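If you count by the working numbering, then the sequence shown holds residues 291 to 540, one letter each, in order. Backbone N, C-alpha and C fix where the C-beta goes; we use that ideal spot for every residue, glycine too. If you're wondering where the values come from, they're calculated on a predicted model, not measured in any experiment.
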Amino acid sequence: LKRKAYTVSFNKMTNQPNWVAWCLTDDELSGKVSRSKDFYEDPDLPLMHRVVSEDYKGCGYDRGHMAPAADMKFSARAMRECFYMSNICPQNHELNAGGWEKVERACRRWAEKYKKVYIVCGPIFSGKSKSIGREHIIMVPDSFFKCIYTKGKKGHQAIAFIFKNTSTKQNINEAVVCVDKVEKITGMTKRNIAYHCSRGEVKGAVKTTREGWLIPKEELENLIRLRQEEKTMTAAQMAAKYNIPEEVLV
């Protein structure tokens, strides 16, 4: 399903996306469109799969965006479409308002720095997932993945995250994984991830993204260790000094 700002692969068994992919550019960050106050059923899905907002009422989970509203401020249509229930998954509130939201903010900072980033994310199921829903049965994901690609001075670069869908506090530095792990868990290949993420524009990146971190893992671990040692330096000061998102250090 192609939207103005993103593409979604919808799963009729789980009644939520397999994945959602979009490109975020620096000029889109300056949009002024207000966040929608309502969620909408997806008019492009068959009636039996048109999840409604009421399906989440009293379930104990947030209506978690895959493509976030804060990325859609450049267009009223894009903002409305990101509130289609086909872009939503049952997400634990602590995750939705914690580590997941921090990665969303980090993506916007990367878009500002690199001018353009490609993002693909979605739910992960163990096969024993529980369900929610009043009018429709919606499976509850066990985890969520997010992969980000960009082209920097070192060529194509990528980073990936996997978060558990639990109430446990999760820092994004603890959720960093290699793209290969996402590939193994989801069954998607790096070529598919790159294609969905970029709509084909950086397919060549699959040859160079195995260790092509936006923030190399070794460097990230060293910075976290350094911050622990340099107690006089705050996360904000270190982020400014090393030109990296503050979120990965907290």
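*Taking the C-alpha atoms as reference points, what is the distance between Glu318 and Ala311?*
Counted from its first residue, the sequence shown places residue 318 at position 28. Counted from its first residue, the sequence shown places residue 311 at position 21. Whole-angstrom Cα-Cα distance: 16 Å.
*If you count every other CB in all the chains shown that lies within 10 Å of the CB of Met338, and 16 or more means buried, which is it?*
Within the sequence shown, numbered from 1, the residue matching residue 338 stands at position 48. Classification for Met338: exposed.
*Which runs of the beta strand (DSSP E), 3 residues or longer, sit entirely within the stretch 338 to 413?*
352 to 355 and 378 to 381
*With 16 other Cβ atoms within 10 Å as the buried cut-off, status of Glu347*: As a first step, residue 347 must be located in the sequence shown, where it is residue number 57. Residue 347 is actually Lys in this sequence, not Glu. Looking at its Cβ environment, which holds fewer than 16 other Cβ atoms inside 10 Å, Lys347 is exposed.
*Quick one: is Ile427 buried, meaning 16 or more other Cβ sit within 10 Å of its Cβ, or exposed?*
Counted from its first residue, the sequence shown places residue 427 at position 137. Exposed, by the Cβ-count rule.
*Mark Met362 as exposed unless 16 or more other C-beta atoms lie within 10 angstroms of its C-beta, in which case mark it buried.*
By 1-based counting over the sequence shown, the position of residue 362 is 72. That one is buried.
_If distances are taken between C-alpha atoms only, which option among Cys349, Thr440 and Gly389 comes closest to Tyr404?_
For the purposes of this step, residue 404 is taken as residue 114 along the sequence shown, with counting starting at 1. Here the closest residue by C-alpha is Thr440.
_Identity of the residue in Cys437, Ser320 and Trp390 nearest Ile462 by Cα_ = Here residue 462 refers to the residue found at position 172 of the sequence shown. Of the candidates Cys437, Ser320 and Trp390, the one whose C-alpha sits nearest the C-alpha of Ile462 is Trp390.
*Since Ile438 is in the beta strand (DSSP E), which residue starts that stretch and which ends it?*
On the sequence shown, residue 438 is found 148 positions in, with the first residue counted as 1. First-last of the beta strand (DSSP E) with Ile438: Ser433 to Gly442.
*Taking 8 Å as the threshold, find out whether the stretch 414 to 422 comes into contact with the stretch 312 to 331 through three or more Cβ pairs.*
no
*Which one or two residues does DSSP pair with Val298 in a beta bridge?*
Numbered from 1 along the sequence shown, position 8 holds the residue referred to as residue 298. Partner(s): Val310.
_Cβ pair count under 8 Å reaching 3, the stretch 299 to 313 against the stretch 398 to 417_ = yes
*Might you give, ordered along the chain, the residues of its own chain that have their beta carbon closer than 8 Å to the beta carbon of Arg370, omitting 5 neighbours on each side?*
Your numbering for residue 370 matches position 80 in the sequence shown. The residues are Ser326 and Tyr330.
*Between which two residues does the alpha helix (DSSP H) carrying Ile475 extend?*
Reading the sequence shown from its first residue, position 185 is the one you call residue 475. Note, Ile475: alpha helix (DSSP H), Val469 to Thr476.
*Specify, as a first and last residue, the run of the alpha helix (DSSP H) that Asn463 falls within.*
Locating residue 463 in the sequence shown gives position 173, counting from the first residue. From DSSP, the alpha helix (DSSP H) with Asn463 extends over Ile462 to Ala465.
*In this structure, does DSSP put Ser320 in helix, strand or coil?*
The sequence position of residue 320 within the sequence shown is 30, counting from 1. Three-state DSSP puts Ser320 in a helix.
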